[in-house]
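Here's the structure, in structure tokens; my notes come after.
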Amino acid sequence: MDQKIVFIKDTGIENDRTKDYYALFLNLLRENSLEDQVQINRVADIGIYNQGLVVKIFEQDVIYANVKEEQIKEIVLKTIKEGKVIKELLFQSPPKQLRIVLRNCGEIDPENIDEYIAKDGYQALNKAVQENKPEKIIEELKKSGLRGRGGAGFPTWLKWKLTRETPEAQKYVICNADEGDPGAYMDRGVLEGDPHSVIEGLILAGFAIGANKGYFYVRAEYPLAVQRVELALAQAYDHGLLGKNILGSNFNFEIDIRLGAGAFVCGEETALIASIEGRRGTPRPRPPYPSVKGLWDKPTAINNVETLANIAPIILKGGDWYAAIGTEKSKGTKVFALTGKVKNSGLVEVPMGITLREIVYDIGGGMISSKGIKAVQTGGPSGGVIPQEYLDTPVDYENLQKLGSIMGSGGMIVMDEDDCMVDIAKFYLGFCVDESCGKCVPCRIGGYQMLALLDKITEGQGKLEDIEKLKRIALAMQKASLCALGQTAANPVVSTLKYFFAEYQDHIVDKKCRSHKCKHLLNYSIIQDKCKRCRVCLINCPVNAISGDKEQGFLVDPKICIRCGKCYEVCKFNAIAKE
Amino acid sequence: MTQEENKIMLDEIASLVSKWKDKEGNLIMILHELQNFYGYVPRPAALELSRALHTPLARIYEVITFYNFFKLEPPGKHIISLCLGTACYLKGSAILLNEIKGLLNVEEGATTKDGLFQLDVVRCLGCCGLAPVIKIDDKVYGKVQKSEVMGILSQYNNHQEESVK
């Protein structure tokens, strides 16, 4: 008799109690002598987040969410034993998502190649090597309209075609898994949840362009991803999917792992190549492009994790199937890491052309607090902010670019009225200044000078002419930097200047930060009506800026005050005003 | 370094070099393994590596100093990684940073005087849904509030660890 399969995972965010629930399930199954008929699995990711205990029962194909401890018994007795569905517990999955890249994440055990194979895994590779027409793969990709998911959106088929056509015996393919964008973790999700889908894509890339060697360049900061990829590679070698004469054909292909070492610039393709070669990860001028002269000066195709995870389904189902999803120029789906002030943070995969509003409100569940949405940031430190009046824009490469942002790798950060746009611009620029490799002057010095100007503005020392200076340096960086890091580093500043100029004016002219983020612009004072004269603020003030006595009341001296906010924190009566 | 330690180092480097010598671009991978072994890259080890690989020491140091991941100083006993990625920043991780700095009297990237904690600032641990996030050694603390920092850190002080033993 076939075993019934059940997956469980505690998706709560406090502490993961999956283990306890597992024990409860086992006990109940034993009590009902069902232990031989039911296989119960703890999974690391079930594709649902923040919904308490989630139970997935394959036989009835039902998913229960927010299951309470005492309801486990009901599930075992009704659903598992009698096959009845408990309607109240059913998980209401948010519609609008379409999972191609994340197709298997949470569905299969990422450490078991057989489960991937059972989901049509390596079928695309089998089809490709049996037909043995690499050009046809590129043709199919052209039909699909797939564009690079690392950020720039270069057509994948063209990259492969150019690499294929460069006359050279030795060629390489590289999977760029150096996801360094702060606030984005799409690649981590795929590598940890379904590493074989990326490996299959990389093997297909090697087959299509005529390479016999591939590299996985993975961030060392993702130890679990590294471990899962290593395991998956070993399994693929064991199954004859890597190595010599793959699946009985003449095609030989090997994959090695190389670890990144914490340098954001290594996401840039020429810097990444330098890093794989064991050198400092600094970019070099292009052309020659890597498709002509890449790793060890040989033609090289570099693709992002998400791009590669798309390849196998396209080969299996055909380019036309993929091209039917999305907008005119941006096909297929995109994975976003939806975070910030939104209720449901997590990875979402949506068809291109969906609006930002649908992502934030229908999938993300709206804002956490009652504070209104101010903007959505996409593209991380290379992107820009999209103010709330453009929320109905369909998401695709062209539209986001028109709005002064970019698709980027997939970070999507929702900001509310509490977030100061000058501070955000400073945050992103600070990141790029930290991560600048220092090779070219516009990026190294331009970024530093812009950051100094923003510091001045947030400290209340800014002048209106600083805005012009910011714009001039930004232009120089965009035009003259060596690589995309420098060319796009000023984007967050440029886009906040475009849409939130009034906030810059507030900081410069009125010396006010309306979001109360820039602490140098805050003024603390004591609301005499609320003050109970308890002296707690006076005792806690580190610089003795508060004076007075119980009869007269207390005052904050703004000349001495260092704006540390200690008084605001310690006051139990909300008698400190911050403005 | 004692003679015994020196021998361990020579053996370790010899085995790493023989494992990687035929692979091109091996320096970064060797440094990763060396750092896994020591927790940082000690200068004598870098010198020995330079001899074994026939690579100038400057070439090795140029790589070590370029990448944030490689350390030249021994790390503290417990490593605090405070995330300053965008999602965490929006949810107040800069406030947590100041709190930790104040409580431990330590700067970013430095180790406390007693060697108990090292404070590292990282850009995104890839768990933005839990922002703001602090990772201490391998344990991740999500949705941390400023008021909870003291309690979290106090779990790691020597006194308590001994009492558990």
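Residue numbers (this note's numbering), protein chains in the order written: chain A, 1 to 579; chain B, 1001 to 1165. Backbone N, C-alpha and C define an ideal beta-carbon position, used for all residues, glycine too.
- For GLY460 of chain A, not one C-beta of chain B is nearer than 8 Å to its own C-beta.
- Under the three-pair Cβ rule at 8 Å, the region 339-348 of chain A counts as touching the region 404-421 of chain A.
- The Cβ of HIS1078 of chain B sits no closer than 8 Å to any Cβ of chain A.
- According to DSSP, residue pairing for HIS1078 of chain B in a beta bridge involves B:PHE1117.
- Going by DSSP, SER547 of chain A is part of no alpha helix (DSSP H) but of the beta strand (DSSP E) stretching over 546-549.
- Less than 8 Å divides the Cβ of VAL190 of chain A from the Cβ of LEU102 of chain A.
- The region 242-256 of chain A makes no contact with the region 567-576 of chain A: fewer than 3 CB pairs, one atom from each, lie closer than 8 Å.
- Among the CB atoms of chain A, none fall inside 8 Å of the CB of ILE1013 of chain B.
- Burial state of MET1001 of chain B is exposed, judged by a 10 Å Cβ sphere holding fewer than 16 other Cβ atoms.
- Between SER405 of chain A and GLY430 of chain A, the gap from beta carbon to beta carbon reaches 8 Å or more.
- By the Cβ-count criterion, TRP157 of chain A is buried, with 16 or more other Cβ atoms from all chains shown falling within 10 Å of its own Cβ.
- Separation of the CB atoms of PRO182 of chain A and THR1086 of chain B is rounded to 5 Å, and the pair is thereby assigned contact status at 8 Å.
- A direct Cα-to-Cα measurement between TYR172 of chain A and PRO134 of chain A gives close to 15 Å.
- DSSP places ASN1036 of chain B in the helix class (H, G or I) of the three-state scheme.
- Here GLU268 of chain A is buried, its C-beta having at least 16 other C-beta atoms within 10 Å.
- Taking the C-beta atoms as reference points, LYS471 of chain A is found no nearer than 8 Å to LEU453 of chain A.
- Listed along the chain, the chain B residues whose CB falls inside 9 Å of the CB of LYS341 of chain A are LEU1090 and LYS1091.
- LEU1027 of chain B belongs to the set of residues whose beta carbon lies under 8 Å from a beta carbon in chain A.
- The beta carbons of TYR499 of chain A and VAL360 of chain A sit no closer together than 8 Å.
- Put simply, the CB of THR1086 of chain B is near chain A, with a gap under 8 Å to one of its CB atoms.
- DSSP links ALA375 of chain A through a beta bridge to A:PRO387 and A:MET415.
- Between the region 323-332 of chain A and the region 1111-1123 of chain B there are fewer than three C-beta pairs closer than 8 Å, too few to call the two in contact.
- The criterion of a C-beta distance shorter than 8 Å is not satisfied by LEU1047 of chain B and VAL1041 of chain B.
- If you keep only unbroken beta strand (DSSP E) runs of at least 3 residues inside the region 416-462 of chain A, you get nothing at all.
- Per DSSP, GLU349 of chain A is one residue of the beta strand (DSSP E) stretching across 346-351.
- Setting aside the 5 residues that flank it on each side, ASP1137 of chain B is surrounded in the same chain by HIS1078 and ILE1079, each with a C-beta closer than 7 Å to its C-beta; the list follows chain order.
- For GLY364 of chain A, the closest of A:ILE467, A:ASN344, A:VAL350 and A:PRO313 by C-alpha to C-alpha distance is A:ASN344.
- Bounds of the beta strand (DSSP E) holding LEU53 of chain A are 53-57.
- In this structure ILE40 of chain A does not touch ASN176 of chain A by the C-beta definition: roughly 38 Å separates them, more than the 8 Å allowed.
- Contact with chain B is absent for GLU417 of chain A, since none of that chain's Cβ atoms lies less than 8 Å from the residue's Cβ.
- Proximity to LEU347 of chain A across A:GLN3, A:THR393, A:ASP187 and A:ILE373 peaks at A:ASP187, based on C-alpha coordinates.
- Contact annotation for LEU259 of chain A against chain B: ILE1028, MET1029, HIS1032 and PHE1069 [CB-CB distance below 9 Å, chain order].
- Within chain B, GLY1126 have C-beta atoms less than 7 Å from the C-beta of TYR222 of chain A, given in sequence order.
- The continuous alpha helix (DSSP H) containing ALA484 of chain A extends over residues 484-489.
- One thing to note: GLY12 of chain A has its Cβ no nearer than 8 Å to the Cβ of GLY106 of chain A.
- According to the DSSP secondary-structure assignment, GLN123 of chain A is paired through a beta bridge with no residue.
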